Structures are given as C-alpha cells and as structure tokens.
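This report refers to the structure that appears directly beneath it.
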Amino acid sequence: MGSIDPLSAVLFASLVVLGVGIGLCTIRIARGPTHFDRLLAFDCLLMNVVGVALVASMLLATDAFIDMVLVTALFGFIGTISLAAYLEGSLVR
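The opening position of the sequence shown corresponds to residue 45 in our numbering, with each subsequent residue numbered one higher.
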C-alpha cells in the first residue's frame, strides 16, 4: 500500500476548498441582489480559478500554467476596476 505525501494531501485539500469557493461565488453571481455584489463575486471567482491553476501547477510539477495565471489575474484586475468605475458612473463618454 502506498502512502500519499503530506504536500499532496494539503494540495488536494486546497483544491476541495477552492472548489467550494468557486461554487459559492457562482451562486452569488446568480443570486446577487445588486450589480456590485455580482462584480465582487466575479472577482472572487476569478481569484479562485487562479488559485486552482496554481495548485494544479504544483501538483503536476510544471510551470506551464504560470503565464496563464498572470494574464488572467491582470485582466481580472483591469476588468474589475473598469466595471466598478462604470457602475459607479465615473466613466464619462
């Protein structure tokens, strides 16, 4: 019988926690009473997806996901700031 190393156990547990977070953020996006709630839930969802990609990269012992993580985090940040400014009404055409 093989045993699992402690790091892999922690990484698999973190995948479960991130999966629960993704599910809860998806529910908040669907049921959020305001647009700001949906925006915050989308930002949280994006960061959870980035976390899943990083944990998967650690589990697979590869750095193939790092570029995707950086670009996703950058676009997520820019998108969140842009949508927040739009919803607040401070973007003037």
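The beta carbon of each residue, even a glycine, is placed where N, CA and C say it ideally should be.
Just so it is clear, the structure is predicted and the values come from calculations on it, not from any experiment.
Query, Result
"Pairwise C-alpha distance: Leu127 and Gly133", "10 Å"
"Met102 vs Gly120 beta-carbon contact at 9 Å", "no"
"Run of the alpha helix (DSSP H) containing Gly95, from where it starts to where it stops", "His79 to Leu104"
"Cβ-Cβ distance between Ile9 and Val93 below 9 Å", "No statement about residue 9 is possible, as the shown extent of the chain runs from 45 to 137 and does not include it."
"Counted within 10 angstroms of its Cβ, other Cβ atoms place Phe80 as buried (16 or more) or exposed", "exposed"
"Backbone secondary structure at Ala57 - three-state DSSP", "helix"
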